[in-house]
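Below is one structure, written out as structure tokens; the observations come after it.
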Amino acid sequence: MARKDQSQPPYWHPRFGLTWLGMGLLWLLNRLPYAGQLTLGRTFGKILYLVARGRRHVVEVNVRLCFPELDAEKQRHLTREIFINNGIGVFETAMAWWSPKQWFRHRTVLKGREHLDAALARGKGVILLGAHFSTLDLGGLLFSEFYPVDAMYRRHNNPLMEEIITRSRGRYFGQAIERSDIRSVIRALRKNHIIWYAPDQDFGIKQSVYAPFFGVPAATITATTRLVKLNDSPILMLAQHRLPDDSYELELLPVIEPFPSGNEEADATRINAELERAIRKDPAQYMWVHKRFKTHPRGKNFLYRQAADAVDVHQSDSQ
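Residues in the sequence shown are numbered from 34 upward in steps of one, following the numbering used here.
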């Protein structure tokens, strides 16, 4: 692997030892049969649920905020299922990077192709709205068997991981476009390409507005509106899920119209509604391990700190 940034130490530097160890182990485990990897993933998720207390707290807060209709026992069950699915997702990512593509051809169904075909017929390129499902990378591989697709992404802080991810995704994405590379985005859209784009993480309040996400105000980037305006491109949602029989369903939802509306808050609300619609198909397969509500008017991580303080008070009162 060649270095892209000469200011970084070479990839064989001890700094990257743990990365090599982790990736090497994952590569070896990827040699196992498909069913064996899913079993290992489920076991890994159960272990994470027990030992990753900090991340479990994040998931518990997200579930409590977003699914208030569930009682405490059902919320605990959903939290555990989220960890199990994210554990499987680690192995599904390895499958996307290294497993034979033919493993999935008889395990995948794509619904709603008519919506994407109609959008492509406009000749303006298409923004394919995505979300951070636990099947994130595998969904890219599966979708690429039906349509060529480019993807926007945020560069990884670890340069070795960035190299591994970029090279691995090259087997199913036409090009990986860094979020700030607007010129490449415009060029791709003008060529009528499909660009996968996920705006469902908290990047702070700068260039964001508060919009409801599962009924909770969430800092939502307004870049989606600007992205669509670049070439007057249609935008539609791609949902992806593993089914109970361990096959996969990809579903294209209708084009989001009218969009943009001329109001950034209304646009952000509409996008979040589409994301929520896709996530509710199986909430346990979404990456609730992220602090989706990190930004808050009362301070960074307020909702997560507030929940932790409430637990501490309860424990003190019970002693």
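Here a beta-carbon is modelled for each residue, glycine too, at the ideal position from N, C-alpha and C. Here the structure is a predicted model, which means the values were calculated and not measured.
Query raised in the report: Is the distance from the Cβ of G172 to the Cβ of H226 below 8 Å?
Result: As a first step, residue 172 must be located in the sequence shown, where it is residue number 139. As a first step, residue 226 must be located in the sequence shown, where it is residue number 193. It is not a contact, given that the beta carbons lie outside the stated cut-off.
Requested in this report: Quick one: measure Cβ to Cβ for E282 and L276, integer angstroms, because I've assumed they're closer than 8 Å.
Outcome: Along the sequence shown, one-based indexing puts residue 282 at 249. Along the sequence shown, one-based indexing puts residue 276 at 243. Contact annotation, E282 with L276: C-beta distance approximately 6 Å; criterion of less than 8 Å satisfied.
Query raised in the report: At what residues does the beta strand (DSSP E) containing Q273 begin and finish?
Result: Position 240 of the sequence shown, counting from 1, holds the residue named residue 273. Looking at the DSSP string, the run of the beta strand (DSSP E) that includes Q273 is I268 to R275.
Query - Rounded C-alpha distance that separates G332 from R202 - result: The sequence position of residue 332 within the sequence shown is 299, counting from 1. The sequence position of residue 202 within the sequence shown is 169, counting from 1. Within the model, the alpha-carbon separation for G332 versus R202 is close to 36 Å.
Query - Beta-carbon separation (whole angstroms), L51 vs L62, contact threshold 8 Å - result: Within the sequence shown, the letter at position 18 stands for residue 51. Within the sequence shown, the letter at position 29 stands for residue 62. About 16 Å; that fails the 8 Å criterion.
**Report entry** Option nearest L175 by Cα separation, candidates R89, K262, T126 and R212
**Finding:** For the purposes of this step, residue 175 is identified with residue 142 of the sequence shown, where counting begins at 1. Looking from the CA of L175, the closest CA among R89, K262, T126 and R212 belongs to T126.
Query raised in the report: Within 10 angstroms of its Cβ, does E93 collect 16 or more other Cβ (buried), or is it exposed?
Result: As a first step, residue 93 is located in the sequence shown; it is residue number 60 there, counting from the start. The residue in question, E93, is buried, as its Cβ has 16 or more Cβ neighbours within 10 Å.
Report task. Name, in chain order, the residues that DSSP records as bridge partners for I160. Result -> Within the sequence shown, the letter at position 127 stands for residue 160. Per DSSP, I228 and I268.
Requested in this report: Please determine, among H110, E106 and P133, the residue with the shortest C-alpha to C-alpha distance to L65.
Outcome: As a first step, residue 65 is located in the sequence shown; it is residue number 32 there, counting from the start. It is P133.
Query raised in the report: Per DSSP, what kind of secondary structure is S351 in: helix, strand or coil?
Result: Translated into the one-based positions of the sequence shown, residue 351 becomes position 318. Note on S351: pLDDT 38, under 50, position unreliable in the model; the coordinate value appears next. DSSP, reduced to helix, strand and coil, places S351 within a helical segment of the structure shown.
Query - Residue range of the unbroken alpha helix (DSSP H) whose run includes I115 - result: Along the sequence shown, one-based indexing puts residue 115 at 82. Start and end: A105 to W131.
Query raised in the report: Q339 to W130, Cα distance in whole Å?
Result: Here the question's residue 339 lines up with position 306 in the sequence shown. Here the question's residue 130 lines up with position 97 in the sequence shown. Taking the CA atoms as reference points, Q339 sits about 39 Å from W130.
Requested in this report: Would you identify the three-state DSSP class for A85, choosing helix, strand or coil?
Outcome: The sequence position of residue 85 within the sequence shown is 52, counting from 1. In the structure shown, the three-state DSSP call for A85 is coil.
Query raised in the report: Using CA coordinates, which residue listed in Q318, R259 and Y337 is at the minimum distance from L111?
Result: Here residue 111 refers to the residue found at position 78 when the sequence shown is read from its first residue. Closest by alpha carbon: Q318.
Query raised in the report: Counting pairs of Cβ atoms below 8 Å between the segment 139-149 and the segment 284-302, do you hit three or more?
Result: The segment 139-149, when compared against the segment 284-302, does touch it at the 8 Å Cβ threshold.
Query raised in the report: Thinking C-alpha only, which one of R75, E106 and H165 is nearest H274?
Result: Here residue 274 is taken as the residue at index 241 of the sequence shown, counted from 1. Closest in alpha carbon position to H274, among R75, E106 and H165, is H165.
Query raised in the report: Could you give the C-beta distance for L307 and L71, rounded to a whole number, given that I count them as a contact under 8 Å?
Result: The residue given as residue 307 occupies position 274 in the sequence shown. The residue given as residue 71 occupies position 38 in the sequence shown. The residue asked about is misnamed: residue 307 is Glu in this sequence, not Leu. About 29 Å; that fails the 8 Å criterion.
Query raised in the report: What is the rounded straight-line gap between the Cα of G120 and the Cα of V322?
Result: As a first step, residue 120 is located in the sequence shown; it is residue number 87 there, counting from the start. As a first step, residue 322 is located in the sequence shown; it is residue number 289 there, counting from the start. CA-CA distance, G120 to V322, rounds to 11 Å.
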